[in-house]
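In what follows, a structure is listed as structure tokens, so that the remarks can point back to it.
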Amino acid sequence: TQLLEQSPQFLSIQEGENLTVYCNSSSVFSSLQWYRQEPGEGPVLLVTVVTGGEVKKLKRLTFQFGDARKDSSLHITAAQPGDTGLYLCAGAGTPLVFGKGTRLSVIA
Amino acid sequence: NAGVTQTPKFQVLKTGQSMTLQCAQDMNHNSMYWYRQDPGMGLRLIYYSASEGTTDKGEVPNGYNVSRLNKREFSLRLESAAPSQTSVYFCASGPFFGETQYFGPGTRLLVL
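Chains W and P, in that order, give the protein sequences.
Going by the numbering used here, the residue at position 104 of the first sequence is 104; the numbering climbs one at a time, nothing skipped.
Going by the numbering used here, the residue at position 4 of the second sequence is 4; the numbering climbs one at a time, nothing skipped.
In structure tokens form, the structure reads like this:
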């Protein structure tokens, strides 16, 4: 069974701080996705990474796929209250494998 | 495009009552999914339909049934609701099975 472990589970930071959240597995994934879920809504896809070592940037968010395609990280620079939400990683599979998420709270 | 729509948004049931949650997508996606989300448990897959005409059990199928009515619609039925089924239910769809998914806004269900 493929599993994705996300850490930390919870993170509370002040506006303007930087942070990194992690998504780790013992399995290799052909691709990995990151979703953000805001309170009261469904998850929304942020990015898909496909190639080992790949780095993608989305404004202040930087996503990296590990060289061995077993892990990924999400780095947020200068966090803002609008970044608050649940961040989920998901690995391609039959079906898609979701981690349990990191709940981020950015305090103004 | 509306994306993925779910009805109802909220529902309160008594133990033993039945109901059907509706889901529709207008993106011509092949695969559709039903998840439940509970605090600390993450998203758990209930049932999925890899393509029109097929359905399969996910991680937590007990107490639920599904119907892939056509390519657009995938419904989830609770035949005899139990308090343990109190949850937020999400429908999702994707162009290809096992890859990117697009989620609906969710149905919040309370079973008393």
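The beta-carbon is built from N, C-alpha and C at its ideal position, and this holds for glycine as well.
Note that the coordinates shown come from a computational prediction; the quantities given were computed from them, not determined experimentally.
Exercise. When DSSP labels each residue in this structure, what does Asp26 (chain P) get in the three-state scheme?
Worked result: DSSP places Asp26 (chain P) outside both helix and strand once states are collapsed to three, so it counts as coil.
For this session: Using alpha carbons as the reference points, say which of P:Ala2, P:Gly42, P:Leu110, P:Gln25 lies closest to Leu78 (chain P).
Result: For the options P:Ala2, P:Gly42, P:Leu110, P:Gln25, the alpha carbon positioned closest to that of Leu78 (chain P) is the one of P:Leu110.
For this session: Give a yes or no on whether the minimum CB-CB distance between Leu43 (chain P) and chain W is below 8 Å.
Result: Any Cβ of chain W closer than 8 Å to the Cβ of Leu43 (chain P) would place that residue at the interface, and such an atom is present.
Exercise. If the cut is a Cβ gap below 7 Å, which residues of chain W does Thr114 (chain P) touch?
Worked result: No statement about residue 114 (chain P) is possible, as the shown extent of chain P runs from 1 to 112 and does not include it.
For this session: Could you tell me whether the Cβ of Glu38 (chain W) comes closer than 8 Å to any Cβ of chain P?
Result: Under the Cβ distance rule, Glu38 (chain W) does not count among the residues neighbouring chain P, no pair being separated by less than 8 Å.
Exercise. Using a beta-carbon distance below 8 Å, is Lys70 (chain W) in contact with chain P?
Worked result: No, no contact with chain P.
Problem set entry | C-beta neighbour in chain W for Tyr33 (chain P), strict 8 Å | Yes, its Cβ sits closer than 8 Å to a Cβ of chain W.
Problem set entry | 8 Å Cβ cutoff met for Gly52 (chain W) and Gly98 (chain P) | No, they are not a contact pair.
Exercise. Taking C-alpha atoms, which residue in W:Glu15, W:Gly66, W:Leu3, W:Ile76 lies nearest to Leu58 (chain W)?
Worked result: Selected option, being the one with the closest Cα: W:Ile76.
Exercise. By how many angstroms is the C-alpha of Val21 (chain W) removed from the C-alpha of Phe74 (chain P)?
Worked result: Phe74 (chain P) and Val21 (chain W): Cα-Cα distance of roughly 34 Å.
For this session: Could you list which residues in chain P have their beta carbon closer than 9 Å to that of Lys100 (chain W), in chain order?
Result: Chain order gives the chain P residues near Lys100 (chain W) as Gly40, Met41, Gly42, Leu43, where near means a beta carbon separation below 9 Å.
Exercise. In this structure, what does DSSP give as the bridge partners for Ile107 (chain W)?
Worked result: Beta-bridge pairing links Ile107 (chain W) to W:Gln14.
For this session: Can you pull the chain P residues whose beta carbon is under 8 Å from the beta carbon of Gly42 (chain W), in chain order?
Result: What Gly42 (chain W) touches in chain P: Val4, Phe90, Ala92, Phe103, Gly104, Pro105, Gly106.
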